[in-house]
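Undergrad: So in my numbering, the last spot in the sequence shown is 176, and the numbers never skip.
C-beta atoms are modelled at their ideal positions from N, C-alpha and C, and glycine is treated no differently.
Dropping a structure here in structure tokens format, bear with me for questions.
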Amino acid sequence: MKLKLVKPKEFDVKDWIVSVLRRASYKTPQYTQAHKTAKTPVPVGYPNKRLKFLYKCQICKFDFPMKETQVDHIIPVVPVTGWTKLPDGKWDFNPIIYNMIEGKLQVVCKPCHKKKSKKENATRRLLNKMMELMIAKNNNLADWEDTLMSDLFPALGLEKPKKAKKRKVNK
Ligand SMILES: [Zn+2]
6 MKLKLVKPKE
16 FDVKDWIVSV
26 LRRASYKTPQ
36 YTQAHKTAKT
46 PVPVGYPNKR
56 LKFLYKCQIC
66 KFDFPMKETQ
76 VDHIIPVVPV
86 TGWTKLPDGK
96 WDFNPIIYNM
106 IEGKLQVVCK
116 PCHKKKSKKE
126 NATRRLLNKM
136 MELMIAKNNN
146 LADWEDTLMS
156 DLFPALGLEK
166 PKKAKKRKVN
176 K
């Protein structure tokens, strides 16, 4: 038998905290509440006779069997602005703990959840990019206006605003 070599993943305390807290959040009243809110009776003639309930995706509003749904933190656990550090330079776990344990939850279908996370990740990447640009002493707003326009708006699923026309100056 051939052994598959798996490169051990470097331990990341941030990932670890998030995964531990995620498991803990399944025990919160909000988790139960999210299912209660989404629970809906199976319509007459539904193909799977063994199912008693379906769960309404709070984004697309379609009903799904529980195993096709996931529970989503409405406000992302790791803020799109990223992790913050305490004055002593250590990671601040408090906002993450708060969002994970206290944050409002909703039942969503897997495709909607994927789409939402993708949007959040795109925003995260973009904000990082903007920070990099700013740190690179490129603080002229006009210089990254294009970045904003071409990346941020589509990332957020918004339409690009039209550029203001330059006013003609009559001499
Ligand atoms: Zn959905």
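Can you tell me which of Tyr-31, Leu-10, Thr-128, Gly-50 puts its alpha carbon nearest to the alpha carbon of Thr-86?
TA: Thr-128
Undergrad: Our contact map puts Thr-45 next to Asp-68 with C-beta atoms below 8 Å; I'd like the distance itself, whole angstroms only.
TA: 6 Å between Cβ atoms; contact.
Undergrad: Which runs of the beta strand (DSSP E) fall wholly inside the segment 88-123 and span at least 3 residues, in chain order?
TA: Whole beta strand (DSSP E) segments, 3+ residues: 110-114.
Undergrad: Hey, could you find the ends of the beta strand (DSSP E) Leu-45 is sitting in?
TA: Note that residue 45 is Thr in the sequence shown here, rather than Leu. It spans 44-46 - the beta strand (DSSP E) in which Thr-45 sits, taken as one unbroken run.
Undergrad: Report the three-state DSSP secondary structure of Tyr-60 (helix, strand or coil).
TA: strand
Undergrad: Excluding the five sequence neighbours on either side, which residues of its own chain have a C-beta within less than 7 Å of the C-beta of Glu-125, listed in chain order?
TA: Pro-81, Val-85
Undergrad: How would you label Tyr-60, buried or exposed, when you count the other beta carbons within 10 angstroms and need 16 or more for buried?
TA: Under a 10 Å Cβ-count criterion, Tyr-60 is classified as buried, with 16 or more other Cβ atoms of the shown protein chains found around its own Cβ.
Undergrad: For Gly-50 and chain B, any beta-carbon pair shorter than 8 Å?
TA: Protein chains in the displayed structure number just one, and chain B is not present.
Undergrad: Under 8 Å between the Cβ atoms of Pro-70 and Leu-56?
TA: Closer than 8 Å, so yes.
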